[in-house]
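Engineer:
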Amino acid sequence: MEPNTRADLSRTWALVPIRGLETAKTRLGEDLDPEERVELVTNLLRRTLAATRDARRIAGTVVVTMDPDAAGIAHDLRAIGLVERAPGLNAAIEAARSVAVARGASAVLVLPADLPAVSAAAIDELLDAAAEEAAGDTRLAAAVPDRHGLGTNALLISPPGAIDPAFGEASRAAHAARAAAAGVRWLELDGPLALDLDTPADLLDAEAAIGSLRG
């Protein structure tokens, strides 16, 4: 932790965790066959990396994965592909954070690759809002909760080690508690990133609003 460092979003790196193209989003298996699910996951990853690549406030992106094919997609879209065997999502995110910090990151934005409305504009709007709210704050953690109010769809941390990630069940409350314990300013923000894909109903809602995510 960096207790004497102020929040600084000028060199924000995106961290995109994805276990693998074939192993992600298994809860959608009832509605999608394996080939359709891989196509969906691949398209979502590409959409996410195009957004971080084109966002004016993102300095770089690290994809952390157990899948060399996902790392290859990262390379194609000008991101760093980190093949990491760390046990668990949070350990993988911490490994990606280390890579970003080594490249000069002053902040990290954890952005799972299952947000159908992700775009460069949505990312920049999130960072603009956080920067405005956090002006003068010593340390910052900002989240976009999921639409159910339980999970975390995006997590911005500055400096990068101000809190550790706590993704998993009820992660919104877990992240807020970590910020409070560390004396870090906690913000909750809304916007397009509040929509994610966990269930077949989520997929139907997203495609009704945005269009097909599989083609």
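Offset between the sequence shown (1-based) and this note's numbering: plus 1. Every residue, glycine too, gets a C-beta built ideally from N, C-alpha and C. Note that this is a predicted model, so its numbers are computed, not measured.
Does DSSP put P18 in a helix, a strand or coil?
Structural biologist: Of the three classes helix, strand and coil, the one that applies to P18 here is strand, per DSSP.
Engineer: Measuring only the C-alpha atoms, how far is R20 from V65?
Structural biologist: Using only the alpha carbons, I get a separation of about 8 Å.
Engineer: Classify H176 as buried or exposed, calling it buried when 16 or more other Cβ atoms lie within 10 Å of its own Cβ.
Structural biologist: Buried, by the Cβ-count rule.
Engineer: Alpha carbon to alpha carbon, how far is G82 from P69?
Structural biologist: When rounded, the distance between both Cα atoms is 8 Å.
Engineer: Would you kindly work out how many angstroms separate the C-alpha atoms of A71 and R140, rounded to a whole number?
Structural biologist: If you take the alpha carbons of A71 and R140, they lie about 32 Å apart.
Engineer: Report the rounded CA-to-CA distance for L190 versus V109, giving the unit in angstroms.
Structural biologist: C-alpha separation (whole angstroms): 16 Å.
Engineer: Helix, strand or coil, according to DSSP, for I158 in the structure here?
Structural biologist: The answer is strand: DSSP assigns I158 an E or B state.
Engineer: Please look up how many angstroms separate the CB atoms of S107 and D9, rounded, as I've assumed it's under 8 Å.
Structural biologist: Confirmed, about 4 Å.
Engineer: DSSP three-state label for R58, please.
Structural biologist: Reduced to three states, the DSSP call for R58 is coil.
Engineer: Tell me the DSSP bridge mates of P146?
Structural biologist: Bridge partners of P146: T153.
Engineer: Do the CB positions of L157 and A144 come within less than 9 Å of each other?
Structural biologist: Against a cut-off of 9 Å, the Cβ pair of A144 and L157 comes out as a contact.
Engineer: CA-CA distance, A202 and A15?
Structural biologist: Whole-angstrom Cα-Cα distance: 28 Å.
Engineer: On the criterion of 16 or more Cβ atoms from any shown chain inside 10 Å, does N5 qualify as buried, or is it exposed?
Structural biologist: Note that N5 scores a pLDDT of 46, beneath 50, so its modelled location is shaky; the value from the coordinates is reported in the next line. With fewer than 16 other Cβ atoms within 10 Å, it is exposed.
Engineer: Straight-line CA distance for E85 to M67?
Structural biologist: About 5 Å.
Engineer: Reducing DSSP to helix, strand and coil, say where R186 ends up.
Structural biologist: DSSP places R186 in strand when its eight states are reduced to three.
Engineer: Does DSSP put L110 in a helix, in a strand, or in coil?
Structural biologist: Residue state, collapsed to three classes: strand.
Engineer: Buried or exposed: S11, going by 16 or more other Cβ atoms within 10 Å of its Cβ?
Structural biologist: Its Cβ having fewer than 16 others within 10 Å, S11 is exposed.
Engineer: What does the alpha-carbon distance come out to for the pair R38 and G73?
Structural biologist: Approximately 18 Å between the Cα atoms of the pair.
Engineer: If distances are taken between C-alpha atoms only, which option among P35, A122, L194 comes closest to A114?
Structural biologist: Looking at the Cα atoms, L194 is the closest of the given residues.
Engineer: What number of angstroms, rounded off, separates the C-alpha of V111 from the C-alpha of A101?
Structural biologist: Rounded to whole angstroms, V111 to A101 spans 11 Å at the Cα level.
Engineer: Could you give the residue range of the beta strand (DSSP E) that holds G82?
Structural biologist: Note, G82: beta strand (DSSP E), 81-84.
Engineer: By DSSP's criteria, T53 is part of a beta bridge. Which residues make up the other side?
Structural biologist: T53 pairs with nothing; no bridge assigned.
Engineer: Buried or exposed for P35, please, with buried defined as at least 16 other CB atoms from any protein chain shown within 10 angstroms of its CB.
Structural biologist: P35 should be labelled exposed.
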